[in-house]
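Residue numbers 1281 to 1704, in the numbering used here, belong to the letters of the first sequence in order.
First comes the structure, then the notes that go with it.
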Amino acid sequence: MLQLNYIRENKEEVLKRLAIKNFKDAETIINSVLIKDAQRRSLQQEGDAIKAESNQIAKQIGELMKGGKKEEAEKVKLRTAELKQKEKELDEQLKTVEDEIQQLLVLVPNTPNLTVPLGKTPEDNAVVFEHGEKPKLAPGFVPHWDLTTKYNLIDFELGVKIAGAGFPVYKGKCARLQRALINFFLDRATAKGYLEIQPPIVVNEDSGYGTGQLPDKEGQMYHCTIDNLYLIPTAEVPVTNIYRDVILKEADLPVKNTAYTPCFRREAGSYGKDVRGLNRLHQFDKVEIVQITHPDKSYETLEEMREYVAGLLKELELPFRTLKLCGGDMSFASALTYDMEVWSAAQERWLEVSSVSNFETFQTNRLKCRFKDANGKTQLAHSLNGSALALPRIVAALLENNQTPEGIKIPKVLVPYCGFDLIN
RNA sequence: GGAGAAAUGGCAGAGUGGUCGAUUGCGGCAGUCUUGAAAACUGUUGUACCGCGAGGUACCUGGGGUUCGAAUCCCUAUUUCUCCGCCA
């Protein structure tokens, strides 16, 4: 959520940036917000004045009562009835206006960084880095969903039986490979200074609001209605919410957390080749990295996180590229996002495996995650997060890219974690 | 799940209808003393909104109510603790 003060003082700048995101109703909504904001302030001024008078009278009555001047007190009381009525009306109006402002503000996406490429579709994303050779597979190569059957690694049908489509059952060496990847990612993250966290994998409504899944992306989460809890779509939600309503010390920054969790996504409306095999699932595993930083350091940190994720992919010997997302393809909350895509040799397409974003104050404003700066002033911190990494497409690429007539080769770095170097 | 008790500032803990945004202690910060540190002493120390400012308003777990006036009384939700039950 954008800061109201910021919008008030930098309207043109905000509109200019929202245009990069192709946000259509920007001008209408922003104008409306500013009008309501003016209303809000005048209502508060009026209300505060009345409350001040009421408080004054209450004090006066107290003194009169104490002095035994009961009659005079009764006389003064008459005035309060009037004030009370007015106070109630103004409070209601104020609340209404505040709610309206809130409802409008949550519709406004984050303002993108000025270096974000212009554009509307994924084709407009900028490739900023490419690494590794696309492997030349031996004749007879197959996509991962055939490999998983051939080597008895994943049973998609069994998952359908137990839960439904998009809930695969991993078996044997594939289950072990998944566990190996999780441990590998967590080990690398903790070595890099991230504190490992095991958060709840359900969250309450407040947390959903805190990171922006609610109110409008409700349909993307599984909802346990009896207890009003949501299955997390990413560890970002519980981990970032650790810092909801928190005032950190400047010395605590940057906060670096990592967490492995299963992630649950309803993915309503997905179809076709996008959901084939491991490409898109309702449940998958992911290791997430989250940082809360000083506002002056967040872009430096973003680059560091991007490098870190790239390092993981290099270690896994997967060809990948890094995209700087264009305005139209960025997420609602992000100011700048890098996507990492690995080459899936049998599908012959790029698969997104990580998204690293700087949210600046967009999340922390909602979360009220602040820090006390050197001057003792409280200000919003910046938040960033990234996948490091999401498993299914990594597994897909590992299986496809490393298939040989003898079997599937495991990258060196994973062998100690897996306990084997070949799946056959 | 049943019965009982509780929830106050960073922490501990007073306060049971008015002068309470809240005694006090600890912690934090600044200063005095000291070559430096410790100790001692002195001062200071929540957040948000409104206002050019003076200042005003709100917040004692959340929500609602009683009252001229609520940290204090009532209702409700949540959480915590104790006992019982169940259980990985």
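Think of the CB as a built atom: it goes at the ideal place given N, C-alpha and C, for glycine as much as any other residue.
Only a predicted model underlies this, so the values are computations on that prediction, with no experimental measurement involved.
Express the C-alpha separation of I1300 and L1605 in angstroms, rounding to a whole number.
Using only the alpha carbons, I get a separation of about 11 Å.
Measure from the alpha carbon of A1306 to the alpha carbon of each residue in S1334, I1287, E1632, then state which is nearest.
For A1306, the nearest C-alpha among the options comes from I1287.
Round the Cβ separation of G1607 and L1398 to the nearest angstrom and send it over; I've been treating them as touching at under 8 Å.
Going by Cβ atoms, the distance from G1607 to L1398 rounds to 6 Å, so yes, they are a contact pair.
Determine which residues share a DSSP beta bridge with F1700 and list them.
Answer is none; F1700 lacks a bridge partner.
Would you mind giving the Cβ-Cβ distance between G1666 and S1634, rounded to the nearest angstrom? I have them listed as a contact below 8 Å.
The Cβ separation is near 6 Å, so the contact holds.
Would you say E1602 and M1620 are within 7 Å of each other, going by their C-beta atoms?
In the sequence as presented, Glu is not what sits at residue 1602; that position holds Thr. Yes.
Tell me which residue opens and which closes the beta strand (DSSP E) that C1543 is part of.
Note, C1543: beta strand (DSSP E), 1535-1544.
So K1529 packs on F1612, CB below 8 Å; how close in whole Å?
Contact flag wrong, Cβ pair sits at about 30 Å.
On a Cα-Cα basis, can you pick out the residue from L1461, L1616, F1464 that is closest to S1637?
Out of L1461, L1616, F1464, L1616 has the C-alpha closest to the C-alpha of S1637.
Just to confirm the assignment: which complete beta strand (DSSP E) runs, minimum length 3, are found wholly within the stretch 1497-1527?
Complete beta strand (DSSP E) runs here, min 3: 1509-1511.
On the DSSP letters alone, give me the boundaries of the alpha helix (DSSP H) that V1440 sits inside.
From DSSP, the alpha helix (DSSP H) with V1440 extends over 1436-1442.
Fully enclosed by the stretch 1347-1416, which beta strand (DSSP E) runs are 3 residues long or longer?
Complete beta strand (DSSP E) runs here, min 3: 1406-1411.
Which parts of the stretch 1571-1631 are runs of the beta strand (DSSP E), unbroken and 3 residues or longer, counting only runs that do not cross its ends?
Listed in chain order, the complete beta strand (DSSP E) runs (minimum 3 residues) inside the stretch 1571-1631 are 1600-1604, 1616-1624.
Based on the DSSP secondary-structure assignment, which residues constitute the bridge partners of Y1474?
Paired residues: none, contrary to the question.
Should D1609 be labelled buried (16 or more other beta-carbon atoms within 10 Å of its own) or exposed?
Classification for D1609: buried.
What's the C-alpha gap between Y1579 and V1386?
Going from the Cα of Y1579 to the Cα of V1386 covers about 24 Å.
Throw me the rounded Cβ distance for the G1327 and E1367 pair, which I believe falls under 8 Å.
At roughly 7 Å, the Cβ-Cβ gap stays under 8 Å, so G1327 and E1367 are in contact.
Quick check on the burial criterion: 16 or more other C-beta atoms within 10 angstroms. Buried or exposed for T1401?
It is exposed - the Cβ of T1401 has fewer than 16 other Cβ atoms within 10 Å.
What does the Cβ neighbour count give for M1345, buried or exposed, with the cut at 16 atoms within 10 Å?
Exposed, because fewer than 16 other Cβ atoms sit within 10 Å of the Cβ of M1345.
Span of the alpha helix (DSSP H) holding T1658?
Careful: T1658 lies outside any alpha helix (DSSP H), inside the beta strand (DSSP E) at 1658-1660.
Taking the Cβ atom as the reference point for each residue, do E1632 and P1691 lie within a distance shorter than 7 Å?
Taking 7 Å as the Cβ cut-off, E1632 and P1691 do not qualify as a contacting pair.
Just curious, the alpha helix (DSSP H) that I1300 is in, first and last residue?
Element bounds for I1300: 1291-1300.
Mind checking which residues open and close the beta strand (DSSP E) that includes F1651?
Start and end: 1649-1652.
Below 8 Å on the Cβ atoms is my guess for G1490 versus L1660; work out the distance and round it to an integer in Å.
Contact doesn't hold; Cβ gap of about 14 Å is too wide.
Does the stretch 1568-1586 come close enough to the stretch 1526-1544 to have 3 or more Cβ pairs within less than 8 Å?
Verdict: yes, contact present.
Report the three-state DSSP secondary structure of Q1563 (helix, strand or coil).
DSSP places Q1563 in strand when its eight states are reduced to three.
By a C-beta neighbour count over all protein chains shown, 10 Å radius and 16 as the cutoff for buried, is H1411 buried or exposed?
Exposed, since its Cβ has fewer than 16 Cβ neighbours within 10 Å.
So what does DSSP say about K1529, is it helix, strand or coil?
Of the three classes helix, strand and coil, the one that applies to K1529 here is strand, per DSSP.
Within the same chain, show all residues whose beta-carbon is closer than 6 Å to that of F1447, passing over the 5 residues directly before and after it, in chain order.
Taken in chain order, the residues that qualify are G1439, H1562, Q1563.
Three or more C-beta pairs under 8 Å: does that hold for the stretch 1467-1486 against the stretch 1502-1510?
Taking 8 Å as the limit for Cβ pairs, the verdict is that the stretch 1502-1510 does touch the stretch 1467-1486.
Let me know if E1354 comes out buried or exposed under the rule of 16 or more other beta-carbons within 10 Å of its beta-carbon.
Exposed, since its Cβ has fewer than 16 Cβ neighbours within 10 Å.
Are the stretch 1423-1439 and the stretch 1450-1464 touching, with three or more C-beta to C-beta distances below 8 Å?
At 8 Å Cβ cutoff, the stretches touch.
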